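**Student:** Our numbering puts the first residue of the sequence shown at 755, with every later residue one more than the last. Backbone N, C-alpha and C fix where the C-beta goes; we use that ideal spot for every residue, glycine too. What you are looking at is a predicted structure, and each value in this text was computed from that prediction instead of being measured. The structure follows.
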Amino acid sequence: MEKTGRYFSQMTLPLALLCIGGILRWESFKTNHQDVLWATLFKLLFIPLLTTGAAIVWGFRGADLGLFFLMMSAPTAAASYVMAREMTRHGDMAAEIVAMTTAVSPLTVTVGLVILKNYSFI
Numbered sequence: 755m756e757k758t759g760r761y762f763s764q765m766t767l768p769l770a771l772l773c774i775g776g777i778l779r780w781e782s783f784k785t786n787h788q789d790v791l792w793a794t795l796f797k798l799l800f801i802p803l804l805t806t807g808a809a810i811v812w813g814f815r816g817a818d819l820g821l822f823f824l825m826m827s828a829p830t831a832a833a834s835y836v837m838a839r840e841m842t843r844h845g846d847m848a849a850e851i852v853a854m855t856t857a858v859s860p861l862t863v864t865v866g867l868v869i870l871k872n873y874s875f876i
């Protein structure tokens, strides 16, 4: 029973991303593309840049700063789609934001970590 529970817990994120991918529609993205792009830029660039810059000013360095950066630059949670769909009429846009931030975040996280490493912050 415990082993089965662990398998299910390991499957939740991939399954959620597959379900979100299944409901994406090109027509909806064409309608929401500006909002999705702004949300992606804000989530993956502006928030990490501003908060990590503030953390550097406050004296964070090394592993603490690296972990802080990783937390701030993580893609949008898959659970946000469920909440947006149940509570608003923006479920499709939330799914697009989750998909876009998940696809782009490996690039932005890598670039951010390389910059922090090159400037000897981590």
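Examine the Cβ distances between the stretch 829 to 840 and the stretch 806 to 820 and report whether three or more of them are shorter than 8 angstroms.
**Tutor:** Touching, no.
**Student:** Suppose the cutoff is 6 angstroms on Cβ atoms and the five residues either side in sequence are ignored; what does the same chain contact list for ARG839 look like?
**Tutor:** So the qualifying residues of the chain are GLY845.
**Student:** Return helix, strand or coil for HIS844, following the three-state DSSP convention.
**Tutor:** It is coil, neither helix nor strand.
**Student:** For a test of the three-state rule: what should DSSP assign to TRP792, helix, strand or coil?
**Tutor:** Helix.
**Student:** Do VAL858 and LEU798 have their C-beta atoms within less than 8 angstroms of each other?
**Tutor:** Contact: yes.
**Student:** For a quick check, are the C-beta atoms of MET826 and PRO802 less than 8 angstroms apart?
**Tutor:** Against a cut-off of 8 angstroms, the Cβ pair of PRO802 and MET826 comes out as a contact.
**Student:** To the nearest angstrom, how far is it from the Cα of ALA828 to the Cα of THR855?
**Tutor:** Those two C-alpha atoms are separated by around 8 angstroms.
**Student:** For THR864, count the other beta carbons within 10 Å of its own beta carbon; 16 or more makes it buried, fewer makes it exposed. Which is it?
**Tutor:** Classification for THR864: exposed.
**Student:** Name the residue from ARG760, ALA808, ILE851, PHE875 whose alpha carbon lies nearest to the alpha carbon of LEU791.
**Tutor:** Looking at the Cα atoms, ILE851 is the closest of the given residues.
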